[in-house]
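With the working numbering, the residue at position 268 of the sequence shown is 441, and numbering never jumps.
Using N, Cα and C, we set each Cβ at its ideal position, and we do this for glycine too.
Since we're looking at a predicted model, the values are computed, not measured.
Notes to accompany the following structure.
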Amino acid sequence: MNILLTGARGQLGQHMAPLLADRGSLVETSRSGGCGNHEDAGRGDVRQIPCDLADGDAVTALLEQTDPDVIVSTAAWTDVDGAESNPEAALRMNRDLPGLLGRWCAARDRRLMHFSTDYVFNGTGNIPLREDMPTEPINCYGQSKLAGEQAIAHSGAQAIVLRTSWVYSALPGNFLTAVVGRAQQGKALKVVDDQIGNPTWAGALAEAAAWCLDRWLEKPLPGPVYHVSCKGAMSWFEFACIALNRAHGLGLLEQRPRIEAISSAQWPQEARRPAWSVLDCNLFEKELEYKMPDVGDALDRCLATRKPFP
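Here it is, written out as structure tokens:
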């Protein structure tokens, strides 16, 4: 089986790559190449091909060159605030790329696995969000991701869309490493406490996605959209407190820093965030016979990797 992984250098892509390498002949791609830092990167059945994923002609050429049976697309514009000032760039990655991949798969009877976000919802509810609930994104990022879901649906491709939330990892450039990094420098922290969601370790998401792919290859799935996140609703402030306590317990911090809870209005940001984006994963767990881990258990596994930490 030939597998194409887009966004191989992203935090989810880097967790997906070794799992996919165990399942077929893997081509990793991103704007600057493949993942390049996992243990499977040197294997003969893993190739790394750079591609500007915002360039439709370049993507089409890559697809014709690699001829994948399955595309796992983790590539996305993820700068939520940046999407407000660069909406067309966000749409090229979050709408146009998924649409192109979907049309290519539909024309050749291939399969596409795509990742979306809790930000397709407006955040005004107070119960866990199911797949069949109305979408109403409140920022450009969420609008571009919803447009990507719709483009895939309109393509007619065999596709599974996994919506997730608040993804973090032990790799640089996300909430967890930012919080722990500031704490290691002895800096005080201010974290919003009025946004509630499911912090999701990229490793747990990758494992669930790989399980889903295996089941999907065995038989058709009802799908086409599933919610996949770690279990446990909390604010960013609560997650930061848990993370710092556990990092301190592991010896990653000499002392626990002072942390202050603030409102979203007190934090400078261009884009509005949903106040409530807790995902209901019952459909995924039932139909895929898979149990998502609790936030705390996944966080322990993440921190145990210690990749960005001294």
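Residue from the options whose Cα sits closest to the Cα of residue i
| i | options | result |
| --- | --- | --- |
| Pro241 | Asp282, Pro223 and Asp473 | Asp282 |
| Ala324 | Gly275, Val352, Glu304 and Val353 | Gly275 |
| Leu178 | Leu199, Trp250 and Tyr463 | Leu199 |
| Asp333 | Arg388, Ala361 and Leu344 | As written in the sequence, residue 333 is Ile, which differs from the Asp given in the question. Among Arg388, Ala361 and Leu344, the Cα nearest to that of Ile333 is on Arg388. |
| Ser338 | Pro372, Cys313, Gly329 and Met306 | Pro372 |
| Leu456 | Pro395, Phe288, Ala383 and Ala279 | Pro395 |
| Thr251 | Lys363, Glu411, Gln439 and Asn312 | Asn312 |
| Ser203 | Ala249, Lys360, Leu349 and Glu391 | Ala249 |
| Gly186 | Val451, Ala320, Trp449 and Gly376 | Gly376 |
| Asp218 | Pro310, Thr247, Gly255 and Asn175 | Asn175 |
| Pro397 | Leu461, Ala262 and Ile222 | Leu461 |
| Tyr314 | Val365, Val451, Glu261 and Asp366 | Glu261 |
| Ser450 | Pro307, Leu417 and Ala381 | Pro307 |
| Pro345 | Thr478, Ile222, Pro430 and Gly359 | Thr478 |
| Arg419 | Ala444, Leu349 and Gly183 | Leu349 |
| Leu417 | Arg336, Ala280 and Leu362 | Leu362 |
| Glu427 | Val365, Arg284 and Gln358 | Gln358 |
| Asp305 | Gly321, Ala280, Cys278 and Arg336 | Arg336 |
For residue i, the residue or residues it bridges with in DSSP
| i | result |
| --- | --- |
| Arg285 | At residue 285 the sequence reads Leu, which differs from the Arg that was named. Leu285 pairs with Ile244 and Ala332. |
| Arg220 | Val200 |
| Thr350 | Looking at the DSSP assignment, Thr350 forms no beta bridge with any residue, so it has no partner. |
| Met189 | Met189 pairs with nothing; no bridge assigned. |
| Met407 | Gly370 |
| Leu302 | Leu452 |
| Tyr292 | Note: Tyr292 sits in no beta bridge, so no partner. |
| Val340 | Thr373 |
For residue i, the first and last residue of its enclosing alpha helix (DSSP H)
| i | result |
| --- | --- |
| Arg474 | Val468 to Thr478 |
| Ala263 | Pro260 to Leu264 |
| Val398 | Not the alpha helix (DSSP H): Val398 falls in the beta strand (DSSP E), residues Val398 to His400. |
| Glu309 | Looking at the DSSP string, Glu309 is not in any alpha helix (DSSP H), and its letter there is neither H nor E. |
| Ala227 | Element bounds for Ala227: n/a, residue is neither H nor E. |
| Arg429 | That residue, Arg429, is in no alpha helix (DSSP H); it is neither H nor E in DSSP. |
| Ala383 | Ala375 to Glu391 |
Limits of the unbroken beta strand (DSSP E) element including residue i
| i | result |
| --- | --- |
| Lys363 | Leu362 to Val365 |
| Glu433 | Ile432 to Ile435 |
| Asn175 | Asn175 to Thr179 |
Pair within 8 angstroms by beta-carbon distance, residue i and residue j
| i | j | result |
| --- | --- | --- |
| Leu270 | Val245 | no |
| Gln368 | Ser408 | yes |
| Ile415 | Leu472 | yes |
| Asp470 | Pro301 | no |
| Val340 | Lys318 | no |
| Thr290 | Gly180 | no |
query: When the Cβ atoms of the stretch 262–271 are set against those of the stretch 220–228, are three or more pairs found closer than 8 angstroms?
result: Touching, yes, given that three or more Cβ pairs across the two stretches are closer than 8 angstroms.
task: Specify whether the stretch 347–357 and the stretch 288–298 touch according to this definition: at least 3 beta carbon pairs, one from each stretch, less than 8 angstroms apart.
output: No, they do not touch.
query: So, do the stretch 385–403 and the stretch 465–480 have three or more beta carbon pairs nearer to each other than 8 angstroms?
result: With a cut-off of 8 angstroms, the stretch 465–480 and the stretch 385–403 count as touching, because enough Cβ pairs lie within range.
- request: Say whether the stretch 376–386 touches the stretch 187–195, bearing in mind that this needs 3 or more beta-carbon pairs closer than 8 angstroms, one atom from each stretch.
  value: Contact holds between the stretch 376–386 and the stretch 187–195, because three or more Cβ pairs, one in each stretch, are under 8 angstroms apart.
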